[in-house]
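One structure is given below, encoded as structure tokens.
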Amino acid sequence: MKLNKTLIIFILIWSLLPLGWQLYTSFSTPEALTQPFIFSPNRWTFENYLQILNSNPPFWKYLLNSLIVGLLSTAITLIIAVPASYSLSKSNNRFSKLSKLFLAGSAMFPYVILFLSLLEVARKFNLGNNLLAICIPYSALSMPLAILLLTAAFKDIPKDLEEASVLEGLTLFQRLRWILLPLIKPSIASTAILVFLFSWNEYPIALTWISKSELLTLPVAMARLAGSSVYEVPYGAYAAATVIGSIPLLMIVLIFQRQIVSGLTQGAVKG
Amino acid sequence: MTLTLENLGLCVQRNWIIRNINIEVQPGECLALLGPSGCGKSTTLRLIAGLDKPSEGSISLFNKDLKGISPVNRKIGMVFQSYALFPHLTVVENLALGLKVRGYSIAEQKRRISYVLELLQIATLRNRKPQEISGGQRQRIALARALLRDPLIYLLDEPMSNLDAQLREDLRPELRKLIISGDKPVIYVTHDQQEAMAISNRIAVLNNGNLEQIGTPQELYLKPQSIFVANFIGRPQINMFEPLDSIRIAVRPEDIYLDPDGIQCKLIYKEWLGQNQLLFFDTPKGTIRMIGDTALDIPSEPRITWKKQKEHHFSTKSGKRIS
Amino acid sequence: MNYLLLIPATLLLLLVFGFPLIRYFWLSLHASSVLTGLEPIYNNGANWIRLISDGRFWQDLYQTSRFAVFSVGIEMILALVIALLLNNEWKSKQIYRSITLLPWALPTTIMALSWRWIFNTPYGPIDQILNLIGFNNLNILSNPSLAWVGTVIADVWKTTPFIALILLAGLQTIPVDLYEAFRLEGGSPKQSFLYITLPLLKPYLLLGLIFRLAQAFGVFDLIQVMTGGGPASSTESLAIYSYLNAMRFLDFGYSSTIMLASFMILIFVCLSAYIVTITITNNFRRYKL
């Protein structure tokens, strides 16, 4: 048990250390950065944060863009995935097994391979530099996982419950609204958070679809920030940016840890 | 005729789940569908409710063919084996949901719900959720929901099977008072022959998807039409003797008695049942069960016999009764 | 009626997953680059012939496989250890889980940036520490023979939690009864791990393995931000190479060929990984009577 405890602590430190180092860096003056292990009272500064917050476009804009994309993609995914999952949960074995196989395959697929063709579509229909349009591929890419999770959830509802509501006279829409959706609320929450995380973090498609700096999502903005001056020393500002960029997700993970874990594990157990 | 099942059959992936079911239910009658698990009794119920579509045959209610009529329009009050109470709704919400979607006004919903809550003495449970109340209480909520449906016919799918033995006996009179002795026909699915005999006017015994026999509890008991029915109805179980000339003879344990001119046998063991005892004898014809008075003195070399007219004769080929 | 509900999802999936693969197949048979004014012209399989003789493609395939094998291999072992640790009853289980989950949840680009700073020469902590103990300027990310190790470390850090969670889910499906019954039979902890845990965990190990292999094979974000594929293309993955072909050299035909080829290789790799694992574990379970 003592060994276990030590190992756990080691793992926790390993998980947190890179983040901690960014935090440490973000409060350091440029001079202090060249000597990271020498401590003096005047090595601390807020300058890096001020610099990031006063940049143009302001840093919060990227957060806002990512938020918009995340929320909208989640909404679209759920609106399309819920009816599809309901239908799949009702379909016969062979069909649902086959579709499960395809969905699992697509969910595992390294989607970066798709970027060129999606970019062509974006150019053809003029969807580049449009935060709303980018939600379409995002929804599609998170659709397989969403459908797998929700289908499993629908299948877990006892058949009796839906039949009883049919006998009571509820229409399909009423059944979904009053009985089925409330019953799978936990799965919907896990699915929503996973889709949101995916859309918030997505990089290759955002990189190729969006070029206007005021429309960049957080991951692309961060990469650009880094790419602009690869060999320059003022890392403090980048560190401040990574810290600010991590805070929303830090909150999400802390608040919704249970839903994230159950989403991932449901996917594994049922998928 | 209230409910008529004509030549009803359901085939799933080339397997006949039930076939050739012909049943007529009289007005106000309680008909039990009895059989072991997998015999097709719940399937029959689901076909009547419209939850599954028959592969052949027809169902008609008050001389109206139910084909193509949706489950909700069949006006059926159903109690599921699991009770199928919506776990996220309170008792009142569970009861109100159906009334609401069927277009009753709020005032009317309230009136009807308070009426059944009073009737079933469950008013105190109004705002509880199904998982917060006991099994017996859940069963009452399920009954209340069926009552509120104001149905043409009640379908009860093993409504007692999730309750313990004591509670089952306690709830039987209540079930009888509320639903069974009303003027609406009731179809009651059960695998418990005692419950079926206690509660219903007639019993339809199903086996392997076939209707073995339909009749009053007395008819089934006194004149079982097949080996299966004879074995299934009546406890302690009937004595089945080894077949002779393709005829199988069966005698109920209570028709066996001690007789100095009977067959020679040996007492193996006895079960004490309270007012009487069940005796197991080893005989040349195999083990024979006999019900005897507890005061009965068993001689050291007992001989047993039975009256010829108490014998049931069955054909070994068809398993049917030979009268 | 029921199947109508499937239509929107099916269309969207076909558009985003199905169409690109067909389009790549078509493009891979055409020259479509700045030379042709980005107009596709049928070129008789020239892209495929070029691919076979393209040393950089084979080099990248090797580098991608190296990255995938090392990072997934290390991740699987580490994840199993972490899952076994987390499966114990801890007082602050929820917090432990949140913290181990964190690296996975953060955007890859942010974390790649952080790792680049950690590996920075000469100001990153790793170089600083190495300096203190006498190694001068190891230069991990600027050293063509070491840079890939840096990317593997960052990837292990980022994705181990994900597999650990999947394995943890698997561990929790195993009834405690089994272990207790086995212990009463006289089984040691090591035996119960070999004869109960591993066999029952197999589907989850497989799932984690295949999923991570597929993802690692398509690695893009991490490398693009951390090293940009350098130094001297030593960390370049297939995805980066096809990205460069499309976006920098504007050769869509060849880029499509690379992507389609990597897709086919990936399917082959995943199938082989599946078959190999199944065979190994099946033999493994057949202990002698």
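Protein chains in written order, with my numbering: chain A, 1267 to 1537; chain B, 372 to 694; chain C, 21 to 309.
Note that the Cβ used here is the ideal one computed from N, Cα and C, for glycine as well.
Between the C-alpha atoms of residue i and residue j, what's the straight-line distance to the nearest angstrom?
i: I484/B; j: G506/B; result: 20 Å
i: E1480/A; j: E503/B; result: 54 Å
i: D271/C; j: P1448/A; result: 51 Å
i: F87/C; j: R1441/A; result: 49 Å
i: L379/B; j: T561/B; result: 20 Å
i: I430/B; j: L374/B; result: 7 Å
i: P1324/A; j: G1511/A; result: 13 Å
i: A517/B; j: I493/B; result: 15 Å
i: A335/B; j: L523/B; result: Residue 335/B falls outside the range modelled here, since chain B spans only 372 to 694, and no answer is possible.
i: F155/C; j: N163/C; result: 15 Å
i: A478/B; j: L470/B; result: 11 Å
i: S1355/A; j: K1363/A; result: 11 Å
i: F457/B; j: G1371/A; result: 35 Å
i: Y1497/A; j: A167/C; result: With a pLDDT of only 47 at Y1497/A, under the threshold of 50, the placement of this residue in the model should not be trusted; the figure read from the coordinates follows. Rounded to the nearest angstrom, the two C-alpha atoms are 16 Å apart.
i: F39/C; j: L1382/A; result: 12 Å
i: L264/C; j: L1384/A; result: 16 Å
i: F612/B; j: Q565/B; result: 24 Å
Would you please verify whether the beta carbon of residue i is less than 7 Å from any beta carbon of chain A?
i: A455/B; result: yes
i: G250/C; result: no
i: F652/B; result: no
i: V245/C; result: yes
i: W137/C; result: yes
i: S52/C; result: no
i: P473/B; result: Residue identity differs from the one stated: residue 473/B is Arg in this sequence, not Pro. Yes, because at least one Cβ of chain A sits closer than 7 Å to the Cβ of R473/B.
i: I504/B; result: no
i: P123/C; result: yes
i: G657/B; result: no
i: M531/B; result: no
In terms of DSSP beta bridges, what is residue i paired with?
i: C382/B; result: W387/B
i: F685/B; result: R619/B, R692/B
i: T676/B; result: Y628/B
i: V1348/A; result: DSSP output for V1348/A lists no bridge partner at all.
i: F652/B; result: L638/B, I659/B
Flag this pair as yes or no: are the beta carbons of residue i and residue j separated by less than 7 Å?
i: G411/B; j: I388/B; result: yes
i: L126/C; j: L187/C; result: no
i: L1515/A; j: Y1504/A; result: no
i: A273/C; j: S112/C; result: Position check: residue 273/C holds Gly in this sequence, whereas Ala was assumed. Contact flag unset, no.
i: T1300/A; j: T1311/A; result: no
i: L591/B; j: I574/B; result: yes
i: L191/C; j: N107/C; result: yes
i: A1507/A; j: I1318/A; result: yes
i: I115/C; j: I1277/A; result: no
i: W1466/A; j: A1388/A; result: no
i: A403/B; j: S671/B; result: no
Helix, strand or coil for residue i? Go by DSSP, reduced to three states.
i: Q589/B; result: helix
i: N572/B; result: coil
i: Q635/B; result: strand
i: L1433/A; result: helix
i: M372/B; result: coil
i: D423/B; result: coil
i: K210/C; result: helix
i: Y1497/A; result: In this predicted model, Y1497/A has a pLDDT of only 47, less than 50, meaning its place in the structure is not dependable enough to derive any value.
i: I130/C; result: helix
i: G1529/A; result: helix
i: I1521/A; result: helix
i: G238/C; result: coil
i: C410/B; result: coil
Output yes if chain C places a C-beta closer than 7 Å to the C-beta of residue i; else output no.
i: N1270/A; result: yes
i: V1378/A; result: yes
i: S1281/A; result: yes
i: I1277/A; result: yes
i: I1423/A; result: no
i: W1310/A; result: no
i: L1427/A; result: no
Would you say residue i reaches chain B, if we count a Cβ-Cβ gap shorter than 7 Å as a contact?
i: P1448/A; result: yes
i: A1454/A; result: Per the sequence presented here, residue 1454/A reads as Ile, with Ala not at that position. No, I1454/A lies away from the interface with chain B (no Cβ there is under 7 Å from its Cβ).
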